[in-house]
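Q:
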Amino acid sequence: MTEPYNPAAIEPPIRERWTAENAFRSPDQPGVDSFYCLSMFPYPSGHLHMGHMRNYTISDVITRFHRMNGRPVLQPMGWDAFGLPAENAAMARGVPPAEWTRGNIAHMRDQLKELGFAIDWDRELATCNPDYYRWNQWLFVKMLERGIAYKKTGVVNWDPVDKTVLANEQVIDGKGWRTGAEVEKREIPMYYLAITGYADELLQGLDDLDGWPERVRTMQANWIGKSVGMEISFPCDGEALKVFTTRPDTLMGATYMAVAPEHPLALRAARGDQAVADFIRSCASGGVSEAEFAALEKRGIDTGLTATHPLTGRALPVWVANYVLMSYGEGAVMAVPGHDERDFAFANQYSLPIVQVVAPVDGDRYDRHHWQDWYTAKDNIRLVHSGKYDGLDYQAGFEAIAGELEASGLGRRRTQFRLRDWGVSRQRYWGCPIPIIHCPACGDVPVPEQDLPVVLPEGLVPDGSGNPLARCPEFMDCQCPRCGAPAQRETDTMDTFVDSSWYFMRYPCVDNDEAMVDQRTKAWMPVDQYIGGIEHAILHLLYARFWTRVMRDVGLVEVAEPFQNLLTQGMVLAETWYREDEAGRRTWYNPSRVDVERDAKGSIASAVLLDDGKPVHFGGIEKMAKSKNNGVDPAELVSQYGADTVRLFSMFAAPPEQSLEWSDSGVEGSWRFLKRLWQQVHEHLEQPTPGDLDAAALDDAGREMRRRVHETIAKAGDDIGRRYTFNTAIAAVMECSNHLSRFDVRCDNDRAVAREGWEALVRLIAPVTPHISQALWHRLGHAEDILGAGWPQHDEAALVQQQLTIVVQVNGKVRGRIQAPPGSDRKQIEAAALSEDNVSRFVQNKQIRKVIVVPDKLVNIVVSA
RNA sequence: GCCGGGGUGGCGGAAUCGGUAGACGCGCCGGACUCAAAAUCCGGUACUAGUGAUAGUGUGAGGGUUCGAGUCCCUCCCCCGGCACCA
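If you read the first sequence in my numbering, its first letter stands for residue 38, the second for the next number, and so on.
Structural data, given as structure tokens:
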């Protein structure tokens, strides 16, 4: 009997050996073939969850694959350590956020280490450490000097009871999460970063990011939202009411103007009209999130003011409308209800005139009561009811009207972006302090470089009402750096997206306390492969691209694009189970406590809770979350099955970009495979050690087995190295091991085939299951670590097949198969296909119209009915 | 509401460039081993009909292009991610 597979015994000593040898250390100076493999760093929430587990296993597989191919790899790890959850935990437990956060980091670091990831821990960083965030502050001051950082007012969610600013997440159905009070919009001064100054470059740059998923590039392009159009002035009350439009061709269809409730014209109208003032005040209730905003019922009120149409001179009523955004364009629109869906709905609701000015070149009838998509068309249209512009198409209409407005000084061509400048001020304690001192005489003064960092006091406990920094004189009180007078510090901290916008440039030089980055950063950047959740497709990735460009412009790095290749992993899902009480309230039970009965077909027949044996109901497959109690703890599974089994299942169950459904029996299956692999390699080892393989001397069975091995080598290398479809690489290894275990070894040369096969499989699966691979590799007689074992190379000659199976179709339906040597000519294949028994039944007495031959693959015989 | 993605057996998924739909795994059914169970091993498993060879049907729904469509095009339905203060 061979020793059974016991990961609890084999895994820890292997990890200790890696640690002792510092096996995952990356060089400071990378060479030409080095590879920077980066995962999105975790928020230290307390425990490693399955999403982390999946993310870091993906990057570890890629890292180990490149290491086995002889490339130096940097795979670092750090902590996105500032943020709201620490303040919530602090409130709940009365513990300072710093203490809670650092405890979580220590625990999660241990959990990561137990998974055997090839991480260079010497480069670990945490964004809550002053030696990291001082460089946020340093670059922020540089941005102030360059005008990239500036101050203006912004709108936030205000809880009138707690007198505090709320995050969008803390606003539930328009009410504060703790107080239940109706949330209000409030304008406060904030710092902004002028990302819009980079809008064009950020958009252009997407074209060259061919290592990024198309969908992410599309989402970013739409987010930046470049529109070419016109700024048009409508004279109004002695001033110019400016609007931006992409459709100046429809100007003759403008029947009213709509301005945002925060627009200066609206505020002016409110001073003389109580109803307008009341309306504007009613728009101030509710939160600031765009999703909420877009779901609002469209409402408005006439200001009584009129604007003059720049072409016709007609008077257009000016309305205040809640569907106009102050933050886009000019905060005002010319409403063309005939050809804009939102204007159309609004005009119908308030009985405002609707005029058709666009008509299809041929066709559809215009109906002023029912909206049609073609009303907004730009192609195959002509202008109507537009006076001298009648008959022009979109482009000609645009040019004609634009030209006339330019001549009269009432319009100019302009490009408008949807992207807004990045507001980075947060009215929160647990974040990086914004390095500003407020002096009664000098105003807002940046903290000089030699006084950085502004260190966040770590002992405070927030209470949900305002920022505790404001009540901490040791932090607040200081001297003005300019005049020396007593002054006060800024209490706002930075958005945590600032922390995560450049951490990957700090890993290479994490020990440098003289500079933000150094030569080593330049050498390692850009990141070769970035891996993280699809939920970061827009904000984080766009901010990081922006921040990298700022660092480039300050002369710190040479690259503009930080991430050459991007892999966006899907979410981790699990079953949900519940019981419902009389009132319809649901109690959710963890899937690990549920026992499922299946019928003869394998469908779920019934399910009971293990704890009381009573039934529970299936609630569908959902994202692992506390609210549905369907989270599975990776740490528990690791202690039960070992790291390799958990890693294997998470890579095998789905391709990385898709969502992954957790399944306990699936984990069992991965466990069984590793047990079999262990057993089969040991059985092979019980036989005499074979001599050198003589490929030319193999019989058909031996040659066929060897072909499978080399096909598996070729496929696994392609799947892991190019396609990133780890699930199919694993399936190929499983399939090959099934064949190898059934391979009838009849001579020493056969045994040499088996040895070559097992040595290949152990290495092919090593990036996924490094512990068992290293253990088996040693037992197969090799002394080095699995990372140094080298990636197997396939032998082209071994892939050649004597006979191929060719499918024969009649009218596109498979009717038979024939055997033919590769490269057979069309005539022979056609003849063989027609003489196949079943095929001839379908062809006889029919007229053959055409025969399509796909060489070495398929024949399709097209016959008439 | 807007932007993006997805939908294939009982389940997770495979089919890489328009060419054999269902690899691999789970589950289920049958068998071996066992006093018995677990574990393990062997065989079967899209659906319908048939002992079988085989035939018909089948990739969310409906239409189209093609010798041939899971894959391309159009319309629709459902699910998921993001929407700027969750990270």
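No residue lacks a Cβ here, since even glycine has one placed at the ideal position from N, Cα and C.
Per DSSP, which one or two residues make a beta bridge with GLN525?
A: HIS475 and ASP514
Q: Go through its chain and collect everything with a Cβ distance to TYR73's Cβ below 7 Å, but skip five positions before and after it.
A: LEU111, TRP561, VAL564 and ASP565
Q: Quick check on CYS320: does DSSP put it in helix, strand or coil?
A: helix
Q: Let me know if LYS651 comes out buried or exposed under the rule of 16 or more other beta-carbons within 10 Å of its beta-carbon.
A: Flag for LYS651 reads exposed.
Q: With the cut-off set at 8 Å, would you say VAL355 and THR343 are in Cβ contact?
A: In contact: VAL355 and THR343 (Cβ atoms closer than 8 Å).
Q: Who are the Cβ neighbours of ILE757 in its own chain at under 7 Å, not counting the five residues just before and after it?
A: VAL98, PHE102, PHE763, ALA766 and PRO804
Q: So who's on the other strand from LEU353, going by DSSP bridges?
A: ALA344
Q: Rounded to a whole number of angstroms, what is the C-alpha to C-alpha distance between GLU527 and HIS406?
A: 55 Å
Q: Rounding to the nearest angstrom, what Cα-Cα distance links GLY107 and GLN601 in this structure?
A: 21 Å
Q: Return the chain-ordered list of same chain residues with a C-beta closer than 8 Å to the C-beta of ALA369, the five sequence neighbours on each side being excluded.
A: Within the same chain, and ignoring the five residues on either side of ALA369 in sequence, the residues whose Cβ sits closer than 8 Å to its Cβ are LEU278, LYS279, VAL280, MET294, ALA295, VAL296, ALA297, HIS300, LEU302 and VAL361.
Q: Less than 8 Å between the beta carbons of GLN840 and ALA857, yes or no?
A: yes
Q: Please report the straight-line C-alpha distance between HIS808 and ASP514, rounded to a whole angstrom.
A: 55 Å
Q: Look up GLU572 in the DSSP assignment and say whether it is helix, strand or coil.
A: helix
Q: Do GLU161 and SER322 have their C-beta atoms closer together than 8 Å?
A: no
Q: So who's on the other strand from VAL192, going by DSSP bridges?
A: GLU224
Q: Could you name the residues of the same chain whose beta carbon sits closer than 7 Å to that of ALA382, not counting the 5 residues immediately before and after it, in chain order?
A: LYS335
Q: How would you call ILE418, buried or exposed, if buried means at least 16 neighbouring beta carbons within 10 angstroms?
A: buried
Q: Who does ASP481 pair with in a DSSP beta bridge?
A: HIS475
Q: Between which two residues does the alpha helix (DSSP H) carrying CYS773 extend?
A: For CYS773, the uninterrupted alpha helix (DSSP H) run begins and ends at 763-779, by DSSP.
Q: Between ARG455 and the rest of its own chain, which residues show a CB-CB distance below 6 Å, the 5 nearest in sequence each way excluded?
A: GLY262
Q: Can you give the beta carbon distance from THR292 to PRO374, rounded, assuming they're within the 8 Å contact cut?
A: THR292 to PRO374, Cβ: 6 Å. Contact.
Q: With three or more C-beta pairs closer than 8 Å as the rule, is the stretch 818-829 touching the stretch 853-871?
A: no
Q: Nearest-angstrom Cα distance between SER774 and ARG254?
A: 40 Å
Q: Thinking just about the alpha-carbon of each residue, which of ASP416, GLU367 and TYR169 is nearest to the one in CYS546?
A: TYR169
Q: DSSP state of ASN602, grouped into three classes?
A: strand
Q: Please state the DSSP three-state secondary structure of LYS212.
A: strand
Q: Going by C-alpha distance, which of VAL837, ASN786 and THR605 is nearest ARG745?
A: VAL837
Q: Would DSSP call SER76 helix, strand or coil?
A: strand
Q: Which two residues bound the contiguous alpha helix (DSSP H) that contains ALA439?
A: Note, ALA439: alpha helix (DSSP H), 431-445.
Q: Over the uninterrupted alpha helix (DSSP H) stretch that includes TYR412, give me the two end residues.
A: TYR412 -> no alpha helix (DSSP H), and no H or E assigned at all.
Q: What is the rounded straight-line gap between the Cα of GLY234 and the Cα of PRO167?
A: 29 Å
Q: Starting from ILE61, trace the alpha helix (DSSP H) both ways and give me its first and last residue.
A: Checking the displayed sequence, the identity of residue 61 turns out to be Phe instead of Ile. From DSSP, PHE61 is part of no alpha helix (DSSP H); its letter is neither H nor E.
Q: What number of angstroms, rounded off, separates the C-alpha of ALA869 from the C-alpha of ASP893?
A: 13 Å
Q: Using 8 Å as the cut-off, can you tell me whether the stretch 462-469 makes contact with the stretch 447-454, which would need three or more C-beta pairs spanning the two stretches below that distance?
A: no
Q: DSSP has ILE898 in a bridge; who is on the other side?
A: VAL847 and VAL888
Q: What is the rounded straight-line gap between the Cα of ARG582 and the Cα of ASP555?
A: 19 Å
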